[in-house]
Amino acid sequence: MTGFGNFSFFYVTNDYSLTRVLQMLWRLNFLVFFLCMTHGNSYILYYICPLHTYFFLMVYVVMAIGKEKNYTKWWLRMKLGVCALIINLLWDTDTGIFEFVHRLFLSDEPVTGATMGTAWEWYSRSF
6 MTGFGNFSFF
16 YVTNDYSLTR
26 VLQMLWRLNF
36 LVFFLCMTHG
46 NSYILYYICP
56 LHTYFFLMVY
66 VVMAIGKEKN
76 YTKWWLRMKL
86 GVCALIINLL
96 WDTDTGIFEF
106 VHRLFLSDEP
116 VTGATMGTAW
126 EWYSRSF
């Protein structure tokens, strides 16, 4: 429902400001950031926050591209179709694209909450 809620917000309000993005990122992550800092845990341990952040940013980018045409008959449908294709290529095909895209942020090193590494944990949680 988070993706639908964010989509609906952008569709109804047409608000793609940096202020909105920063407010959402703050609300989604500030408590987890402090928990990680005070308890020494890894960010992936609280996987729901990075998951919501990741897909919020995905919805934001999809809706912000060509935002002036979001209300035409086919433009939004085409954007959502391309997004679905990209998601399919990232998670459902074994082309190495998922590893390439996420390798900057994730590793195979075992950490607290991700004994098989953050890359595997992120793949299994976000799939």
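Quick note: the sequence shown uses my numbering, first residue 6, plus one each step. All residues carry an ideal CB built from backbone N, CA and C; glycine is no exception.
Residue from the options with nearest C-alpha to residue i
i	options	result
Gly71	Gly8, Lys84 and Phe60	Lys84
Ser131	Asn75, Glu114, Lys74 and Tyr51	Tyr51
Thr7	Leu33, Gly122 and Tyr21	Leu33
In DSSP terms, what residue i is bridged to
i	result
Val116	Ala119
8 angstroms Cβ cutoff met for residue i and residue j
i	j	result
Val116	Ser47	yes
Ala119	Ile49	yes
Trp96	Leu111	no
Phe103	Val64	no
Legend entry - At least 3 beta-carbon pairs within less than 8 angstroms: the region 54-63 vs the region 114-131: yes
Inset, instruction - Could you say if the region 77-93 and the region 18-27 meet the contact criterion of at least three C-beta pairs nearer than 8 angstroms? - result: They do not touch, by the three-pair rule.
Inset, instruction - Jot down the residue ranges of each uninterrupted alpha helix (DSSP H) in the region 35-82, minimum 4 residues, whole runs only, in chain order. - result: Fully enclosed alpha helix (DSSP H) runs of 4 or longer: 53-69.
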